[in-house]
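Below: the structure, in structure tokens.
There are 2 protein chains.
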Amino acid sequence: MEAIRYELIKKDERTGARLGKLHTPHGTIDTPVFMPVGTQATVKAMTPDELKSIGAQIILSNTYHLYLRPGEKLVEKAGGLHNFMNWDRAILTDSGGFQVFSLSELRDIKEEGVTFKSHIDGSKHFISPEKAIEIENALGADIIMAFDECPPYPADYDYTKNSLYRTIRWAERCKKTHKNTEKQALFGIIQGGMFKDLRQEAVKEMIKLDFPGYSVGGLSIGEPKPIMYDVLDWTTPLMPEDKPRYLMGVGSPDCLIEGVIRGIDMFDCVLQTRIARNGTVFTSKGKLVVRNAEYAEDFRPLDEECDCYTCRNYSRAYIRHLLKAQEILGARLTTIHNLRFTIRLMEKIREAIMQDSLLEFRDEFYAKFGYNNN
Amino acid sequence: MEAIRYELIKKDERTGARLGKLHTPHGTIDTPVFMPVGTQATVKAMTPDELKSIGAQIILSNTYHLYLRPGEKLVEKAGGLHNFMNWDRAILTDSGGFQVFSLSELRDIKEEGVTFKSHIDGSKHFISPEKAIEIENALGADIIMAFDECPPYPADYDYTKNSLYRTIRWAERCKKTHKNTEKQALFGIIQGGMFKDLRQEAVKEMIKLDFPGYSVGGLSIGEPKPIMYDVLDWTTPLMPEDKPRYLMGVGSPDCLIEGVIRGIDMFDCVLQTRIARNGTVFTSKGKLVVRNAEYAEDFRPLDEECDCYTCRNYSRAYIRHLLKAQEILGARLTTIHNLRFTIRLMEKIREAIMQDSLLEFRDEFYAKFGYNNN
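Just so you know, the sequences run in chain order F and U. The letter at position 276 of the first sequence is residue 276 when you use the UniProt record's numbering, and the numbering goes up by one with no holes. The letter at position 81 of the second sequence is residue 81 when you use the UniProt record's numbering, and the numbering goes up by one with no holes.
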């Protein structure tokens, strides 16, 4: 039996949106879902209890980081990632591919795998598809990702094509290596850059390998948003209906809505937590840079419509003071708010799909948020 | 009516220890009590809710810091410090004296007050006893401290004596300035350095001014612990029994126990939170530097006897990983633990006084903690 099962609850009649449930060894997830990112076995500034209290159902953790520190063997000895970090809901680990290509130094890509230097101490490492799966097996997440190459943006057609076929061969090797299919579901990653035929080819080839879920990779890497939406339009209609679809590394409010409309079920992004620590928050009326001087004596909550702990208890003036004074509580309060804002957005999106009002919800959200989708 | 009232519950027959209740406008505090320090209107890394969950009854905040940032007028506009920081239990503010002398630059002490440069931006400021009380009135803490000079250690007899008499004159001016006595209790500070006659003189003169509480200042500034204990032995027996006694800036576990034995009711210290962020924690078996490599694969809690959130849920290995990876959660977990350890120590001390077993408790604690009091 596969570790996970996707249950399609409802298809939106006017868009590609799907309402579903994803059953995992660590609970059932309502989709479309946003996954907070816990890069180093912790969602920055948050406890697992706080994540639960804001409605997080699944988090993502980064294989590249955990492999380098503290090492997957330590995590395995601790009883796996859930135990190690005290999180008993679902976890997804990426394969490390993206970070090897974006964070590490002096990488050397061969058919066998990738040699790279650690961004922490410059030490030399080699990760192959087999090695990536071994690491992910040791970490023990509910959903694990195949090792892939994410070409930079822009990349030319030939590079992208070669890379794509290698990613498909790597996916096959990942599948062969992965034995623990009853506890961990291995997803295939669809690459192909910004080229329609390559994306379509990628979907077809990946589907042949029959993974329990598929992600769309290689997006949100610098391309204009309309291109991202085009890629989704080319890709998701070809993906099987009975499997979850995950758009990697995407997460601004508008991209979440547009992704859902194009049939995506799962998202992750560091944006929410990263901008929070720098003093920027999402509100129902758009972004707010609470560090700015104009909020020094503003005793309103970050977002008057928000139900989060931060908005129920603290003022913009206080949060600004904390951020200016470099107090940890400042980062905590803005992080709680941004994650809750995003998770609540997903709740509203699911509700809108249920009520057949997703497009109306989108228009109202954009009008209020101050986002022009045209 | 005075803002606070000290209720003596029990005197220990074999030591100077007292069990009491301190009634304040924001709740009744069991004494002896440890006050976590919230320098910049936040106990570093903690929410007010977390402070309550570990049993904090009163916190301290620093007038010097709040005056410089965000400014006492902003805090007053926010409805006072309790409102500003979302803490509805008791607060004590110091007078800023200690920080003016220890943190700021180019201070110039005159009878009228002290001119100094901000440690944040070098701007020039003047604080007099009257100004300090104005600031503390604006902040609105339940207990406020008179503006004093804390001479450095070591300081000679003549300097200490002159400084002491100025501190007494300043205390008188503070008392004259402070009108809000029904909501805020003003404590006098006993200085006098490490000289017996000056300390005794200081107590006598301060008592004449009839404050609702008194603190012993100028200790834990570099002097050997036996000297600190001597000063307490000279001082507390002369202090009125119906008023609370506060030992400023003291807080290591042994000093808390020794202070209680010498008749102290209130303590504050940044030690717990500061060493926590650097990866050192108190345990029932002594200090533990959880950052050390020896704990890399240690899956036990920080302290197997501790009841805190950290010890109930996380391993030394995980906490070490978080600290090495500079994750905020690491500082949060160690801070929760160190504060809970200290508050629980005070609970045990109160219980021991109640059971007439304080000296036995001390000996057992030291034996286990690995502390030699001789």
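The beta carbon of each residue, even a glycine, is placed where N, CA and C say it ideally should be.
- Take the Cβ of S102/F as the centre, count every other Cβ of all protein chains shown within 10 Å, and call the residue buried at 16 or more, exposed below. exposed
- Item | Selection of the segment 84 to 101 of chain F by Cβ proximity to chain U, strictly under 7 Å | F84, M85, N86
- Item | Own chain, CB closer than 6 Å to P129/U, minus 5 neighbours either side, in chain order | F147, W170, R173, C174
- Message: So for R69/U, helix, strand or coil by DSSP?
- Response: coil
- Within 9 Å, strictly: CB atoms of A3/U and T181/U: yes
- Relative to the alpha-carbon of C150/U, which residue among D94/U, E134/U, I133/U, I135/U has its alpha-carbon at the smallest distance? D94/U
- Identify the residues that DSSP records as bridge partners of G286/U: which are they? T283/U
- Item | Runs of alpha helix (DSSP H) lying entirely within the segment 79 to 110 of chain U, each at least 4 residues, in chain order | 81 to 85, 97 to 102
- Starting from the beta carbon of I328/U, find every residue of chain F whose beta carbon is closer than 9 Å, and list them in chain order. T42, K44, A45, M46, R277, I328, A331, R332, T335
- Message: Is the separation between the beta-carbon of A141/U and that of L68/U shorter than 9 Å?
- Response: no
- Report all residues from its chain with a CB closer than 7 Å to the CB of N374/F; omit the five preceding and five following residues, and keep chain order. Here N374/F scores only 43 on pLDDT, less than 50, and its place in the model should not be relied on; the value that follows carries that caveat. Nothing meets the Cβ criterion.
- Beta-carbon separation of L60/U and R350/U under 9 Å? no
- Query: If the cut is a Cβ gap below 8 Å, which residues of chain F does Y318/U touch?
  - Reply: A41, A78, F84, M85, N86
- Query: By the 10 Å Cβ neighbour count, where 16 or more other Cβ atoms means buried, how is Q355/F classified, buried or exposed?
  - Reply: exposed
- Query: How many whole angstroms separate the CB atoms of V290/U and T334/U, which I take to be in contact at a CB cut-off of 8 Å?
  - Reply: 7 Å
- Who are the neighbours of L74/F on chain U, taking C-beta pairs under 9 Å? A296, E297, A317, H321
- Message: I'd like the span of the beta strand (DSSP E) that includes F126/F, first residue to last.
- Response: 124 to 127
- On a CA-only basis, which of K324/U, S104/U, R199/U, R344/U is nearest C306/U? Give me that one, please. R344/U
- Query: Three-state secondary structure (DSSP) at L232/F?
  - Reply: helix
- Query: Does any residue of chain F bring its CB to less than 9 Å from the CB of N292/U?
  - Reply: no
- Residue range of the unbroken alpha helix (DSSP H) whose run includes V114/U: Where V114/U is concerned, there is no enclosing alpha helix (DSSP H), although the beta strand (DSSP E) it sits in stretches over 114 to 117.
- Message: List, in chain order, every chain U residue whose beta-carbon is nearer than 9 Å to that of R69/F.
- Response: H321, K324, A325
- For L329/F and E136/F, the rounded distance between their alpha carbons: 33 Å
- Task: Mind reading off the beta-carbon distance from T236/U to G192/U? Whole number of angstroms is fine, and I expect it under 8 Å.
- Result: Not a contact, Cβ separation roughly 13 Å.
- Query: When you compare only the Cα positions, how much space is there between Q57/U and P32/U?
  - Reply: 11 Å
- Item | Under 9 Å between C-beta atoms of M35/U and M239/U | no
- Where does L302/F fall in DSSP's three states? coil
- Task: Report yes if the CB atom of V229/F is closer than 9 Å to the CB atom of E258/F, and no otherwise.
- Result: The residue you asked about is not Val; residue 229/F is Tyr in the sequence shown. The answer is yes: Cβ separation under 9 Å.
- Task: Decide if the segment 266 to 286 of chain U is in contact with the segment 33 to 52 of chain U; the criterion is three or more beta carbon pairs, one per stretch, under 8 Å apart.
- Result: yes
- Comparing the C-beta of Y309/F with each C-beta of chain U, is any distance below 9 Å? yes
- Query: Skipping 5 residues on each side, what residues in its chain have a beta carbon closer than 6 Å to that of Y371/F?
  - Reply: D254
- Message: Please state the DSSP three-state secondary structure of F147/F.
- Response: coil
- Task: Kindly indicate if chain U contains any beta-carbon less than 9 Å away from that of N62/F.
- Result: no
- Message: Closest to L22/U by C-alpha separation, out of I353/U, P212/U, L81/U, D108/U, would be which residue?
- Response: P212/U
- Query: To the nearest angstrom, how far is it from the Cα of K324/U to the Cα of V250/U?
  - Reply: 29 Å
- Task: Just tell me which of H321/U, L247/U, T273/U has its CA closest to the CA of G263/U.
- Result: L247/U
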